[in-house]
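**Q** Right, I'll just put the structure down here and ask away after.
Protein chains: 2
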Amino acid sequence: MVSSPNIPDIVIGRLPIYLRALTQMSQQGQTFTSSHELGQRLGISSAQIRKDLSLFGDFGKQGTGYQISHLLTQLKQILQVNHEWPMIIVGAGDLGRALAHYRGFVSRGFRVVGVFDNDPAKIGMGNGDWQVYGMDQMVSFIHKRRVKIAMLAVPAETAQEVSDRLVDAGIRAILSYAPITLVVPSGVHVQYIDPVMHLQRMTYYLKSDER
Amino acid sequence: MVSSPNIPDIVIGRLPIYLRALTQMSQQGQTFTSSHELGQRLGISSAQIRKDLSLFGDFGKQGTGYQISHLLTQLKQILQVNHEWPMIIVGAGDLGRALAHYRGFVSRGFRVVGVFDNDPAKIGMGNGDWQVYGMDQMVSFIHKRRVKIAMLAVPAETAQEVSDRLVDAGIRAILSYAPITLVVPSGVHVQYIDPVMHLQRMTYYLKSDER
DNA sequence: TAGATTGTTAATCGATTAACAATC
DNA sequence: TAGATTGTTAATCGATTAACAATC
C-alpha cells in the first residue's frame, strides 16, 4: 500500500522511530521481531505498534511476528525514503558546516547537494557531494537541481526572509534550526530543531537544589 | 507557584514554546499580549494557552490579557531557567564543536562549561567558557562542577556506554544527538535530536513525483 | 460604562490500551 | 498440535475546544 488517507500525523511521527530501530536490529543480524519486542525497546505499547502498522497494511504474521527486511521495505516506501532526496543547507556557519559534514544522511534517504552563504571567504569550500555557493545562486540552483528540501541554519533575524525565498523557489520542506516560528504557505512543511527547548523541558523535572 | 503536581508532560513541552515567543515579543518592545494573539502566532488555540497557563497560576487579567514581563518571569521560574545551568558536551567532532560555539544557550538558561573527547589533538581547544578535556577527566569534572546536564554528540556505537558513565557520575538530563534509544535509570531524563527523523516525517507528505 | 479577555466547566474529539478471535 | 502473535474491536483514557460567567 503506497499511501493511505486519513492517517493521523502523530502516527506518521512514529514511523521514523520504528524505521530507525528496525534498521538497527537488521544491522545486528536479526531477521524477525514482534510488536512486543519493538515496543519494549522503544517504550511504546505493543498494541500501539500493531495498530499503527495495520493502518498501512498487514505486515505481520500470527505466531511469528514481523519479518524485519519486509517491514523496512514497506516503511521506507510509506515514508518515501526508498529513493534519495537531494537537500540544500542555507547558512555555512558552525552549524551549517556540521550538518554538511554529517555522515548519517545518505544511508537514510537524503544527500546534501549544496550549501549557501553570503560570506565570500566560504564560497567554494566543499567535498564530493556539495560546495558552498553564494546566496545569489540559491534560487537557480533549486530550480536546476529540482531540490524540494532545505535545512535552515541562518540567524533568527534572517530566517523568515530566507524561508520566503526558499518557498518561492520551490522548496516544499524546511528543517529549521532558527529559534523562531516561520510563516509559510499551506502545502509547505516545516519542522523545527531547537536544542534549548529540549533542555528547558528537562530542567522542569530536575530538583532545583541540584542545580 | 514554584511547582505543581500532576501537570501533563505535553503541557510542559509547550511552555518552552510560549517562553520563546514571549521573549521575542518582549525584545520587540511589546508589553502585553493575549491568549488569542499568542495562539495565532504559534498555531495553538487560545483556549489551550489559557488552560495550560492556568495550571500554574492566574497570570492574566480579564480585558487586558497577560503582562509579558510577568509571564516571562513566571515561566522561567516554572521551567527553572531563571538561573543558569552548567552543561557539558561529550564528543568534539563537527557537531560537538558546533554546539560548543553556539551563542544561543546563555541567554536562555544554559552555559557550556566543558567538552570531552578522546582525540589528543583536540584536547586544550576552547574559549572563555570551556575547553576540551580527555574523556578520562569527565567523571571528576562532573562531580567537581556539579554538572547535571550533558549533551551527547558521539557516534551511535559508543553512545550507550558514554551515557552509562554520565549517569554514574551524576548527570540527570541528557540531550542526545546519537540516533539510538538510550537505556537509562528512571529519574534520568533524555531528549533526542535526530534531524533525519524530522526529514522523514516531512517526506511522507511530499508528492513522490516531485522528488 | 462598554468592550475585551480571562479562568473554568462541560462537551467533544482523538488517541491509547485491553482483550481476544483468528491463524500462522 | 500447542504456543505465539497478529489485526481489530470496544472500552478507556486523556487532551482539546467551545462557551460563558466573571471581571478588569
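Sequence order for the protein chains is A and B. 1 is the number of the first residue of the first sequence in our numbering; add one for each residue after it. 1001 is the number of the first residue of the second sequence in our numbering; add one for each residue after it. Glycine included, C-beta positions come from ideal geometry on N, C-alpha and C. Quick caveat: nothing in here was measured; it's all calculated off a predicted structure.
To test your reading of the DSSP string, which unbroken alpha helix (DSSP H) runs of 4 or more residues are found completely within the region 1096-1171 of chain B?
**A** The qualifying runs are 1138-1145, 1156-1169.
**Q** Residues of chain A with a CB under 9 Å from the CB of His1101 of chain B: which are they?
**A** Here residue 1101 of chain B refers to the residue found at position 101 when the second sequence is read from its first residue. Correct list: Gly93, Asp94, Leu95.
**Q** So, helix, strand or coil for Val2 of chain A, using DSSP?
**A** Against the first sequence, residue 2 of chain A aligns to sequence position 2. Reliability fails at Val2 of chain A, whose pLDDT of 39 lies under 50, so the model's placement of it is uncertain and the value that follows must be treated cautiously. Three-state result, Val2 of chain A: coil.
**Q** CB-CB under 8 Å to Asp52 of chain A, same chain, minus the five flanking residues each way: which ones, in chain order?
**A** Locating residue 52 of chain A in the first sequence gives position 52, counting from the first residue. So the list reads Val11, Arg14, Leu15, Tyr18, once near-sequence residues are dropped.
**Q** Give me the Cα-Cα distance between Tyr1204 of chain B and Arg108 of chain A, rounded to the nearest whole angstrom.
**A** Mapped onto the second sequence, residue 1204 of chain B falls at position 204. Mapped onto the first sequence, residue 108 of chain A falls at position 108. Distance between the alpha carbons of Tyr1204 of chain B and Arg108 of chain A is about 14 Å.
**Q** Tell me which same chain residues have a C-beta within less than 6 Å of the C-beta of Ile1149 of chain B, skipping the five on either side of it?
**A** Residue mapping note: residue 1149 of chain B aligns to position 149 of the second sequence, counting from 1. Contacts found: Trp1085, Met1087, Ala1173.
**Q** Go through its chain and collect everything with a Cβ distance to Ile78 of chain A's Cβ below 7 Å, but skip five positions before and after it.
**A** In the first sequence, residue 78 of chain A corresponds to position 78, counting from 1. Excluding sequence neighbours, Ile78 of chain A sits near Leu15, Phe56.
**Q** Using C-beta distances below 8 Å, list every residue in its chain close to Leu141 of chain A, excluding the 5 sequence neighbours before and after it, in chain order.
**A** As a working note, residue 141 of chain A is residue 141 in the first sequence. First, the amino acid is wrong: residue 141 of chain A is Phe here, not Leu. The residues are Ile88, Gly114, Phe116, Tyr133, Val147.
**Q** Taking a cut of 7 Å between CB atoms, which residues from the region 187-202 of chain A lie near chain B?
**A** Flagged, chain order: His189, Gln191, Ile193, Pro195, Val196, Met197, His198, Leu199, Gln200, Arg201, Met202.
**Q** Could you tell me which chain B residues have their CB closer than 8 Å to the CB of Ala21 of chain A, listed as they occur along the chain?
**A** As a position in the first sequence, residue 21 of chain A is number 21, starting the count at 1. Those within 8 Å of Ala21 of chain A in chain B are Thr1181.
**Q** Pick from B:Gly1096, B:Gly1093, B:Phe1110: whose alpha carbon is nearest that of Gln1080 of chain B?
**A** Counting from 1 along the second sequence, the entry for residue 1080 of chain B is found at position 80. It is B:Phe1110 whose Cα lies nearest to the Cα of Gln1080 of chain B.
**Q** Using only CA atoms, which one of B:Pro1179, B:Leu1022, B:Ser1026 lies nearest to Gly104 of chain A?
**A** On the first sequence, position 104 is the one that residue 104 of chain A refers to. Looking at the Cα atoms, B:Pro1179 is the closest of the given residues.
**Q** Specify the secondary structure class of Thr1033 of chain B as computed by DSSP and reduced to three states.
**A** Reading the second sequence from its first residue, position 33 is the one you call residue 1033 of chain B. Three-state result, Thr1033 of chain B: strand.
**Q** Spell out whether any CB of chain A is found under 7 Å from the CB atom of Leu1175 of chain B.
**A** Numbered from 1 along the second sequence, position 175 holds the residue referred to as residue 1175 of chain B. Chain A, which has a Cβ nearer than 7 Å to the Cβ of Leu1175 of chain B, makes this yes.
**Q** Please list, in chain order, all residues of the same chain as Trp130 of chain A whose beta carbon is under 7 Å from its beta carbon, the five residues on each side excluded.
**A** Reading the first sequence from its first residue, position 130 is the one you call residue 130 of chain A. Within the same chain, Trp130 of chain A has close Cβ partners Ala100, Val112, Val113, Gly114, Val115.
**Q** Less than 7 Å between the C-beta atoms of Ala1153 of chain B and Leu1095 of chain B, yes or no?
**A** For this step, residue 1153 of chain B is matched to residue 153 along the second sequence. For this step, residue 1095 of chain B is matched to residue 95 along the second sequence. Yes, the pair counts as a contact, with Cβ atoms nearer than the cut-off.
**Q** So which residues on chain B does Ile149 of chain A lean against when the C-beta distance must stay under 9 Å?
**A** In the first sequence, residue 149 of chain A corresponds to position 149, counting from 1. Under the 9 Å cutoff, chain B gives Leu1199, Met1202, Thr1203, Leu1206.
**Q** Leaving out five residues on either side along the sequence, give the residues of the same chain with a beta carbon under 8 Å from the beta carbon of Val188 of chain A.
**A** For the purposes of this step, residue 188 of chain A is taken as the residue at position 188 of the first sequence. Within the same chain, Val188 of chain A has close Cβ partners Val167, Ile171, Arg172, Ala173, Ile174.
**Q** Where Val1139 of chain B and Thr1073 of chain B are concerned, what is the direct C-alpha to C-alpha distance, given to the nearest angstrom?
**A** For the purposes of this step, residue 1139 of chain B is taken as residue 139 along the second sequence, with counting starting at 1. For the purposes of this step, residue 1073 of chain B is taken as residue 73 along the second sequence, with counting starting at 1. Looking at the two C-alpha atoms, the distance is approximately 34 Å.
**Q** Tell me the rounded alpha-carbon separation between Met1001 of chain B and Phe1059 of chain B.
**A** Counted from its first residue, the second sequence places residue 1001 of chain B at position 1. Counted from its first residue, the second sequence places residue 1059 of chain B at position 59. Reliability fails at Met1001 of chain B, whose pLDDT of 39 lies under 50, so the model's placement of it is uncertain and the value that follows must be treated cautiously. About 11 Å.
**Q** Work out the CA separation of Lys1122 of chain B and Arg1165 of chain B for me, nearest whole Å.
**A** Within the second sequence, residue 1165 of chain B is the residue found at index 165, counting from 1. Within the second sequence, residue 1122 of chain B is the residue found at index 122, counting from 1. Between Arg1165 of chain B and Lys1122 of chain B, the C-alpha separation is close to 21 Å.
**Q** I want to see whether chain A comes within less than 7 Å of Met1001 of chain B, judged by CB atoms only; does it?
**A** Taking the second sequence and counting its residues from 1, the one referred to as residue 1001 of chain B is at position 1. Summary for Met1001 of chain B: the model assigns pLDDT 39, below 50, so the residue's position carries little reliability; its value from the coordinates is reported in the next sentence. Cβ-Cβ to chain A under 7 Å: no for Met1001 of chain B.
**Q** Are any of the Cβ atoms in chain B nearer than 7 Å to that of Pro155 of chain A?
**A** The residue given as residue 155 of chain A occupies position 155 in the first sequence. It does not; no Cβ of chain B falls within 7 Å.
**Q** Secondary structure at His1189 of chain B, three-state DSSP: helix, strand or coil?
**A** Locating residue 1189 of chain B in the second sequence gives position 189, counting from the first residue. In this structure, His1189 of chain B counts as strand in the three-state DSSP scheme.
**Q** On the three-state DSSP scale, how would you describe Tyr18 of chain A?
**A** Taking the first sequence and counting its residues from 1, one reaches residue 18 of chain A at position 18. Looking at Tyr18 of chain A - three-state DSSP - the assignment turns out to be helix.
**Q** In whole angstroms, what is the alpha-carbon distance linking Gln1028 of chain B and Leu1022 of chain B?
**A** As a first step, residue 1028 of chain B is located in the second sequence; it is residue number 28 there, counting from the start. As a first step, residue 1022 of chain B is located in the second sequence; it is residue number 22 there, counting from the start. So the alpha carbons of these two residues sit roughly 10 Å apart.
**Q** What does Ala121 of chain A touch in chain B if you count any residue whose Cβ is under 7 Å from its own?
**A** As a first step, residue 121 of chain A must be located in the first sequence, where it is residue number 121. Neighbours of Ala121 of chain A on chain B: none; closest Cβ ~17 Å, over 7 Å.
**Q** Does the Cβ of His1198 of chain B have 16 or more other Cβ atoms within 10 Å, making it buried, or fewer, making it exposed?
**A** Position 198 of the second sequence, counted from the first residue, corresponds to residue 1198 of chain B. It counts as buried.
**Q** Here's a check: name, in chain order, each residue in its chain whose Cβ is nearer than 6 Å to the Cβ of Ile193 of chain A, leaving out the five neighbours to either side.
**A** In the first sequence, the residue the question calls residue 193 of chain A occupies position 193. So the qualifying residues of the chain are Tyr177.
**Q** Quick check on Ile12 of chain A - is its C-beta less than 7 Å from some C-beta in chain B?
**A** As a working mapping, residue 12 of chain A is identified with position 12 in the first sequence. Yes, because at least one Cβ of chain B sits closer than 7 Å to the Cβ of Ile12 of chain A.
**Q** Name the chain A residues that come within less than 7 Å of Gly1104 of chain B, Cβ to Cβ?
**A** For the purposes of this step, residue 1104 of chain B is taken as residue 104 along the second sequence, with counting starting at 1. The answer, in chain order, is Pro179, Val196.
**Q** Which two residues bound the contiguous beta strand (DSSP E) that contains Ala173 of chain A?
**A** One-based indexing of the first sequence puts residue 173 of chain A at position 173. Unbroken beta strand (DSSP E) run through Ala173 of chain A: 173-176.
**Q** My guess is that Val196 of chain A and Val190 of chain A are in contact by the Cβ rule of under 8 Å, so how many angstroms apart are they, rounded?
**A** If you number the first sequence from 1, residue 196 of chain A lands on position 196. If you number the first sequence from 1, residue 190 of chain A lands on position 190. 18 Å between Cβ atoms; not a contact.
**Q** To which residues of the same chain is Val1162 of chain B closer than 7 Å at the C-beta, ignoring the five residues directly before and after it?
**A** Taking the first residue of the second sequence as 1, we reach residue 1162 of chain B at position 162. Excluding sequence neighbours, Val1162 of chain B sits near Val1090, Leu1152, Val1154.
**Q** Between the C-alpha atoms of Gly1039 of chain B and Ser1186 of chain B, what's the straight-line distance to the nearest angstrom?
**A** Here residue 1039 of chain B is taken as the residue at index 39 of the second sequence, counted from 1. Here residue 1186 of chain B is taken as the residue at index 186 of the second sequence, counted from 1. Computed Cα separation, rounded: 34 Å.
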